[in-house]
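Inspection log for the structure reproduced underneath, given as C-alpha cells.
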Amino acid sequence: MQAWHYNFRLQTQNNREMAALCLENFSSQVVERHNKPEVEVRSSKELLLQPVVISRNDKEKVLIEGSINSVRVSIAVKQADEIEKILCHKFMRFMMMRAENFFILRRKSVEGYDISFLITNFHTEQMYKHKLVDFVITFMEEIDKEISEMKLSVNARARIVAEEFLKNF
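To convert, take the position in the sequence shown, counting from 1, and add 22; that gives our numbering.
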C-alpha cells in the first residue's frame with residue numbers, strides 16, 4: 023500500500039510537471055528585448071500560474087511554480103534528526119556550488135526548501151521535456167537514499183572512532 027501511494031504521488035507530480043513545462047519564449051513587458059524567467063522576476067501577475075504544493079508530510083514536499091516562460095521546482099527533503107539535517111545541508115550546498123554543471127539547478131533555493139530547479143523555455147527547446155521531468159523525479163527518489171547511506175556511513179565511522187578511542191582506557 024505504501025509503495026502504491028508513493029508511486030501515485032510521483033505519477034501525480036510527473037503529470038503536473040509535464041503540464042507546467044508547456045513553456046514559450048516571452049519577452050519582458052517592462053524592458054524591451056529582455057527575456058527573464060517570469061517565475062523569478064514576478065513583474066506581471068497575469069503571467070504566473072497558481073503554485074502547486076505536493077507533500078507527503080510537513081517535511082517532505084515539492085513546490086511547483088509556473089509561468090509563461092519558466093517553471094521553478096523546489097524540493098524539501100526529509101530530515102528526521104540533526105545528523106540528517108547537517109548531511110542534507112552539506113550535500114545541497116555541494117550541489118548548488120556546482121550549479122553550472124547542472125543546467126537547471128539554482129544556486130540558491132527558495133525559502134523553506136532545500137533545493138530548487140529552474141527550467142526555462144530555452145531548456146525545453148534544447149532538451150527533451152520528459153527527460154527533464156525524469157531527472158527531477160529521479161533526483162527526488164535518489165536524494166533520500168543518498169542521505170540515508172551517508173548517515174549509515176557517518177554512524178559506522180563514529181562507532182569505529184569511539185571503539186579506538188575507548189581502547190586506551
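Note that the Cβ used here is the ideal one computed from N, Cα and C, for glycine as well. Just so it is clear, the structure is predicted and the values come from calculations on it, not from any experiment.
Going by beta-carbon coordinates alone, are residue i and residue j separated by less than 9 Å?
i: R94; j: F139; result: yes
i: I141; j: M114; result: no
i: R128; j: M119; result: no
i: S89; j: V61; result: yes
i: L43; j: T146; result: yes
i: M149; j: F125; result: yes
i: L109; j: K153; result: no
i: S50; j: V63; result: yes
i: E46; j: L71; result: no
I'd like to confirm the pairing. Which residues does DSSP put opposite residue i in its beta bridges?
i: G88; result: V93
i: V63; result: Answer is none; V63 lacks a bridge partner.
i: V74; result: I86
i: A98; result: K83
With distances taken Cα to Cα, identify the nearest neighbour of residue i among the options.
i: N91; options: E168, E133, S66, M118; result: S66
i: I159; options: I97, S89, E133; result: I97
i: P59; options: I108, L174, N143, E164; result: N143
i: M162; options: V63, L85, L45, F191; result: L85
i: E106; options: S175, F191, I182, L154; result: S175
i: G134; options: R179, I182, F187, V75; result: V75
Just to confirm, does residue i get its C-beta within under 8 Å of one of the non-hydrogen atoms of the ligand SAH?
i: F161; result: Of ligands this structure carries none, so the ligand SAH is not represented either.
Can you find a CB in chain B that lies within less than 9 Å of the CB of residue i?
i: V132; result: In summary, chain B is missing from the structure at hand, where a single protein chain is found.
request  = Could you tell me whether the stretch 169–177 touches the stretch 101–118, using the rule of 3 or more Cβ pairs below 8 Å?
outcome  = yes
message = In chain order, what are the residue ranges of uninterrupted beta strand (DSSP E) at least 3 long that sit wholly in the stretch 124–184?
response = Within the stretch 124–184, the complete beta strand (DSSP E) runs of at least 3 residues fall at 137–142.
query = Any chance the stretch 97–111 sits against the stretch 66–82, with 3 or more Cβ pairs inside 8 Å?
reply = yes
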